[in-house]
Structure formats: C-alpha cells, structure tokens
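Notes follow once the structure below has been shown.
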Amino acid sequence: MEVRASKQEAWEAFQAANQDVYDKAIWTFGVRWADAIEALMDQGQSLGDAALESQQEVNEDKIPMSMVTGAMAILSEVWESGEAMRQWHNARVDDREARWEIPAKYDALTKSAKKVVSEIVR
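Just so we're aligned: the sequence shown equals residues 228 to 349 in our numbering.
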C-alpha cells in the first residue's frame, strides 16, 4: 500500500496504537484491499472496478461491513489513492448517510483509533 509521504509517520503510529483484535482486523483488511486494488490498477483496471472486484477476495477474516467502512475511512486519509476512492464511492451512492464524510468516518472508527486518526488528518 502506497502511503502518502506526509502521513507515513502518523500511519505507523496508528498501526502501533491499534493492535487489539478488532482494530488490527480493520487496518489489516485495509492494507490488503489497497494492495489488491493497486495490483489490479497496474493491470489497467479503474479504481472503482478494482475496488469492487477485490473487496470480497481480500476479506479473509470475513469482517462485517461496519469494519470495512472503518478501513475505507482510514484508507481515505493515508493511502495515496484513498481520496480518489472516497470520491468514487460517494459518487455512486444515493444515500447521504452512506457517503464517507468526516463525521461518519470518525463514528465508524473505534474509540481507541479516533485520537490517532485525528493526528493523521492534520
């Protein structure tokens, strides 16, 4: 996963601070998903097609959608293609509640992750 250079230190701190089973499952899925999307994009797929194709394939831990949403929120902040992915997602959903907006992101993340994510967002 290509992390934004400006977010590398905060990303490493986030990973170190979030080692419990729940939080680690979220960010581990996010890394696997970003890696899979990048690989498919290298083969010529669009970001959206790559995201849709790879989401279930990389969900080895069978995490629920609420945790996938947490991973998407983290990716939108630290991954090089995260903002483009957020915009793609928001463009395809009709329901405003389903869009990845800043307040929704923080609600989707666990309490222990919120402080570290606030460092990433700065």
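Backbone N, C-alpha and C define an ideal beta-carbon position, used for all residues, glycine too.
How would you write the range of the alpha helix (DSSP H) that residue 311 sits in, first residue to last?
First-last of the alpha helix (DSSP H) with residue 311: 309–319.
Would you mind stating whether residue 228 and residue 261 have Cβ atoms separated by less than 9 Å?
Yes, they are a contact pair.
On the CB-based measure, 16 or more other CB atoms within 10 Å of its CB, does residue 273 come out buried or exposed?
Exposed, because fewer than 16 other Cβ atoms sit within 10 Å of the Cβ of residue 273.
Tell me where the alpha helix (DSSP H) around residue 263 begins and ends.
Where residue 263 is concerned, the enclosing alpha helix (DSSP H) stretches over 248–269.
For residue 285, which of helix, strand or coil comes out of DSSP?
Residue 285 falls in the coil class under three-state DSSP.
What's the call for residue 237, buried or exposed, on a 16-neighbour Cβ count within 10 Å?
Looking at its Cβ environment, which holds 16 or more other Cβ atoms inside 10 Å, residue 237 is buried.
Report buried or exposed for residue 250, applying the criterion of at least 16 other Cβ atoms within 10 angstroms of its Cβ.
So residue 250 ends up on the buried side.
Would you kindly work out how many angstroms separate the C-alpha atoms of residue 268 and residue 278, rounded to a whole number?
Each residue's alpha carbon lies about 9 Å from the other.
Give the straight-line distance between the Cα atoms of residue 297 and residue 270, rounded to the nearest whole angstrom.
Rounded to whole angstroms, residue 297 to residue 270 spans 27 Å at the Cα level.
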